[in-house]
Each structure stands twice: as structure tokens, then as C-alpha cells.
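Residue numbers (my numbering): 0 to 171. We treat Cβ as the ideally placed atom computed from N, Cα and C, and that holds for glycine.
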């Protein structure tokens, strides 16, 4: 991953992200690029801030404020191919949103608009058996919201299943 600052009124916080993917067998390359919305601190400066559900790399690392790492590799559409998510911006009170990329049958990565725009947060729970993703995030000072989505492999489409909002400030 390569980053470079853009000239703008927020030049210290907006970057252009370039991801180069190299097929180890064929050495074919794919370049994915996008402009960040807002980065701060040391995002993308430490190559160890990645996680892989496929190899187990950094899976035991603490997830704080919905930050799973700069790049996260996982089978997110349940087709037994590695997909990945990359930080879209540095986040806010609920954590950082991600762009999601699925691997197609040719090994090419394509941005999944639904997950990138609607889901946004990396899922805390990936259930391969039920083909569901569940996100958890803060809503205000006392709220925690969960949202669950199911993927239809046949239709290649996401379906919203349920949501739950819990007030954690109410005592039992």
C-alpha cells in the first residue's frame, strides 16, 4: 500500500491510497486507488496493522473502536476466495468505515458498493455457515447498535436481516 497526500484545505488529512495486488503465480498486477475521506495519526504507516481471517495473521490482536487494521483479508461473500477491506477514513466515534473488495472468478478484485456504502464498518462477526455479517458500533454515549446482513450467493446480493439498539447506560 502506498499513500500520498493530496493538496487541499485538509491536505494533512486527505490521502490518495494505491493498493498493488500481485498474483504470486502469474505475477499479474492489479492497481486499486481511491481518495481517503480523512486520515489522521499513523494510519498506513505500520505494515503490521493488518489482519487476515484466512491465514490467522494478527487475529488475536485487540479490536478497539471498530479498528480491525488498515487492511483486513477475509472471505466476505462466502465463495471461498480471499476478499479484503481497506480503511476508507480514520473514523469517528463509532470507528472507521472500510471499502470492501471481492475477488471475482478471474482473481480480479471489484469494489462491493453495498458493503462499502451501506455496511461501512468491518463486521465483528462473520458467520460462514449462515452467510451473515454482523456489525457492532456506538450510537451516542449510551447506545450500541448491531446490524445483521445475509448474502445470497445465488443472487449475489445482500439482504438486511435485523438491527438492535441497546442502551448500555440503563442499570438492571
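- If you draw a straight line from the Cα of residue 123 to the Cα of residue 68, it is about 13 angstroms long.
- In its chain, beyond the 5 residues on either side, 168 have a beta carbon closer than 8 angstroms to the beta carbon of residue 140.
- For residue 99, the number of other beta carbons within 10 angstroms of its own is at least 16, and it is reported as buried.
- Assigned with DSSP and collapsed to three states, residue 128 falls in coil, not helix or strand.
- Within the model, the alpha-carbon separation for residue 90 versus residue 96 is close to 6 angstroms.
- Secondary structure at residue 86: strand, using DSSP grouped into helix, strand and coil.
- For secondary structure counted as the beta strand (DSSP E) over 3 or more consecutive residues, the region 14-68 holds these complete runs in sequence order: 14-21, 28-34 and 49-51.
- Here the region 101-110 does not lie against the region 125-136, with fewer than 3 beta-carbon pairs under 8 angstroms apart.
- Residue pairing by DSSP places residue 101 opposite 109 in a beta bridge.
- Taking a contact as a CB-CB distance under 8 angstroms, the pair residue 94 and residue 136 counts as one, their CB atoms being some 6 angstroms apart.
- Residue pairing by DSSP places residue 156 opposite 151 in a beta bridge.
- Cβ atoms of residue 85 and residue 16 come within 8 angstroms of each other, at about 7 angstroms.
- The three-state reading of DSSP puts residue 164 in strand, counting E and B together.
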